[in-house]
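Okay, so here's the structure we're looking at.
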Amino acid sequence: MKISFVRLILIAAWFLPVARAAEEKPALVVAISIDQFRGDYLTRFGRFFGEGGFNLFLEQGAHFANCHHAHSHTKTGPGHAVMLTGVHANFNGIIGNDWIDRRTFERVSCVGDTAESIIGLPAPAGPSLPGIGNPRIGRSPRNLLASTVGDELKIARGGRPKVIGIANKDRGAILMAGRMADAAYFMENGSMVSSTYYQKELPAWAREWNAAKKADAYFGKVWERVLPESEYACQGPDDMAGEDQTASQLGHTFPKTVTGGETAPGPRYYDAFENTPFSNEVIADFVRTAIEHEQLGKRAGITDLLCISFSANDRIGHLYGPDSHEIMDNVVRMDRTLAELFAFLDRHVGLKRCTIVLTADHGASSMPEYIHSLRPDIPAGRINGAQLLNTCEDALNRAFGPLKENGRWVVRDDASFLLHPTALAEKGVSSEAAQVVVRDALLTLDFVLAAYTREELENGKVHDALGQQALLSFNRARSGDVYFQAKPYFVGRNAGTNHGTPHSYDTHVPLAWFGVGVKPGVYTERVHVADLAPTLSHILGLPAPPLAKGRVLF
-16 MKISFVRLIL IAAWFLPVAR AAEEKPALVV AISIDQFRGD YLTRFGRFFG EGGFNLFLEQ
44 GAHFANCHHA HSHTKTGPGH AVMLTGVHAN FNGIIGNDWI DRRTFERVSC VGDTAESIIG
104 LPAPAGPSLP GIGNPRIGRS PRNLLASTVG DELKIARGGR PKVIGIANKD RGAILMAGRM
164 ADAAYFMENG SMVSSTYYQK ELPAWAREWN AAKKADAYFG KVWERVLPES EYACQGPDDM
224 AGEDQTASQL GHTFPKTVTG GETAPGPRYY DAFENTPFSN EVIADFVRTA IEHEQLGKRA
284 GITDLLCISF SANDRIGHLY GPDSHEIMDN VVRMDRTLAE LFAFLDRHVG LKRCTIVLTA
344 DHGASSMPEY IHSLRPDIPA GRINGAQLLN TCEDALNRAF GPLKENGRWV VRDDASFLLH
404 PTALAEKGVS SEAAQVVVRD ALLTLDFVLA AYTREELENG KVHDALGQQA LLSFNRARSG
464 DVYFQAKPYF VGRNAGTNHG TPHSYDTHVP LAWFGVGVKP GVYTERVHVA DLAPTLSHIL
524 GLPAPPLAKG RVLF
């Protein structure tokens, strides 16, 4: 059958908008991580969300409701590193927030860099905030061994796109933004600082923002529930056994006055401030300032990338657990903070010109005390670090004889153990033989689920699902000699809760999309955070980061 010329024109005209839409690229990409944000929080607290925050994704975007981290050591550094590289610690090198160097036995921060210096540091700095490390040591992404989407964007577009990371934590900003980023800003004692890796000094707009002392304005502010108290009954009691009652002098029930026990803003106040939803509000204020002054998304024909990590949820979660009034209140407030941010984006860039993706670096376990309050016979508890270490030492002493002068065989590095070369040399014992002794000793502990030796991991001699997760967290050059995984609901803290296991409460996180290139809907198939980088690269018309292992979701 012949088709008329007019009909061909009409068919072409019908397909043209589709072709243009496929070629459309966002003016601004915003990648958001909420630290320690469990995947179930979007449904657990969804009825309390308003317009424009999380519901921007849930009602107008794509929600991958069964997204997980595939690696075992679910910590902040590894979680943020995989987001925009699409590859795990076995290749990107970020095995933890910090680790013990195998050669020097000195602790290394995942973003620490003695060759660089901090810029914008308040004077006097006072003690550093927990998790930040020495505030005088510089930061950089040099320990990150893989390219990010931001790096590929810079390479493909002649360096013209701006790539900026902003977070409470140094590792949140740096590991998402990547090695070619224009800047990475993170919070230290209430100010936003950066590193000489990126620039010689803070830009004028950032210095002016710091001079305004936005965090200080919250001194003495009372953190009270944002919803009626009765709504929080779904979380159990406000005063829950196991909560950390010593941190930041905030107390373990509402209301909480934010002073840190000081009479004026100082280091203890800033520490308390970081443990409240107010720190998210201040980070969001800095984000809006950066968007405006850097003209992100406003330069014709150029796509910029802004990476944001909000950390208050992690600080609050560690203290009070995922079943607390405090965590629920922070999630509801986070929804409102996001709504304000997205409204700002709509005014200054236009949401129709943006692609926004939301995820998290890890989840968290319920506190063992909470589990036992529901059912006392459910296995749960707190890991005894001394018992771990002594079990390994005693087993090695039995197998090979005690060391001279009360020497130590091993040093613990979070979920792994390193063998001292001097101890092995003294007894003439091979590392492989000692590894087996340590592994078998760990497996005698009732809270240890699995353990693997370096020799097993190096040679791929693990075939179970837990072992496959461990392989993704294992890096030949940086990891320890024996790695173990705890059973569910066994927590490595004396109070509050923790994360870092391969269990679903730690691996299950949100993956939600909105905007240009996104196909809206609710997706229930199992996907991984490693899929974020290749999917975003596809939307941008870029090659995926060269080591990325994830798949394109749209």
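Under the working numbering, think of the first position of the sequence shown as -16, with each following residue one higher.
Beta carbons: idealized from backbone N, C-alpha and C, even for Gly.
Nearest-angstrom Cα separation, counted from residue j out to residue i
i      : j      : result
Val431 : Ala167 : 38 Å
Ile366 : Thr480 : 11 Å
Ser462 : Arg422 : 15 Å
Ala108 : Pro404 : With a pLDDT of only 44 at Ala108, under 50, the local geometry of the prediction cannot be trusted, and the value read off the model is given with reservation. Taking the straight line from one Cα to the other gives about 38 Å.
Ser111 : Pro260 : Note that Ser111 scores a pLDDT of 48, beneath 50, so its modelled location is shaky; the value from the coordinates is reported in the next line. C-alpha separation (whole angstroms): 20 Å.
Leu573 : Arg316 : The question about residue 573 has no answer here: the residues shown for the chain are numbered -16 through 537.
Gly524 : Val535 : 12 Å
Gly173 : Ala198 : 5 Å
Tyr303 : Phe37  : 23 Å
Thr427 : Met223 : 31 Å
Gly450 : Ala255 : 39 Å
Ile147 : Lys532 : 24 Å
Gly60  : Ala469 : 20 Å
Ile101 : Ser123 : 10 Å
Lys152 : Glu439 : 34 Å
His56  : Gly384 : 32 Å
Tyr472 : Thr490 : 14 Å
Classification of residue i by the beta-carbon crowding that lies within 10 angstroms, buried from 16 upward
i      : result
Glu264 : buried
Leu454 : buried
Cys50  : buried
Thr539 : Only positions -16 to 537 of the chain appear in this structure, which leaves residue 539 out of reach.
Ala408 : exposed
Gln278 : exposed
Cys375 : buried
Lys444 : exposed
Ile361 : exposed
Sheet register partners of residue i (DSSP bridge)
i      : result
Gln468 : Ala433
Phe20  : Beta-bridge pairing links Phe20 to no other residue.
Lys57  : Looking at the sequence shown, residue 57 is not Lys but Thr. Answer by DSSP bridge pairing: none, since Thr57 is not bridged.
Phe261 : Per DSSP, none; premise fails for Phe261.
Ala495 : His46 and Leu341
Asp268 : Partner(s): none; Asp268 has no beta bridge.
Arg381 : In DSSP, Arg381 forms no bridge with anything.
Tyr168 : Ile149
Under the three-state DSSP convention, the category residue i falls into
i      : result
Lys239 : strand
His301 : helix
Ile102 : strand
Gly368 : helix
Arg122 : strand
Ser456 : helix
Gly524 : coil
Phe40  : helix
Gly148 : strand
Phe256 : helix
Met175 : strand
Closest residue to residue i among the options (Cα-Cα distance)
i      : options                           : result
Ile339 : Gly22, Leu41 and Gly33            : Leu41
Gly95  : Met66, Lys8, Gly504 and Arg125    : Arg125
Cys93  : Asp84, Val394 and Pro385          : Asp84
Thr507 : Leu515, Leu494 and Ala513         : Leu494
Phe467 : Ser456, Asn477 and Arg476         : Ser456
Ala369 : Asn389, Ala347 and Arg395         : Arg395
Asp464 : Asp429, Lys444, Gln451 and Glu415 : Glu415
Tyr419 : Arg437, Asp429, Ser487 and Asn477 : Inspection of the sequence shows that residue 419 is occupied by Val rather than by Tyr. The shortest C-alpha separation from Val419 is found at Arg437.
Ala10  : Gly280, Arg298 and Ile266         : Gly280
Ala549 : Lys137, Val176, Ala189 and Glu184 : Only positions -16 to 537 of the chain appear in the structure, and residue 549 is not among them; the question remains open.
Gly346 : Ile310, Thr68, Glu89 and Ala322   : Ile310
Asn373 : Tyr435, Arg298, Asn389 and Pro362 : Asn389
Glu7   : Trp392, Gly284 and Gly450         : Gly284
Glu99  : Gln43, Thr272 and Lys183          : Lys183
Arg298 : Lys204, Pro105 and Phe20          : Phe20
Val474 : Glu226, Tyr253 and Gly219         : Glu226
Val499 : Asp81, Leu324 and Gly333          : Gly333
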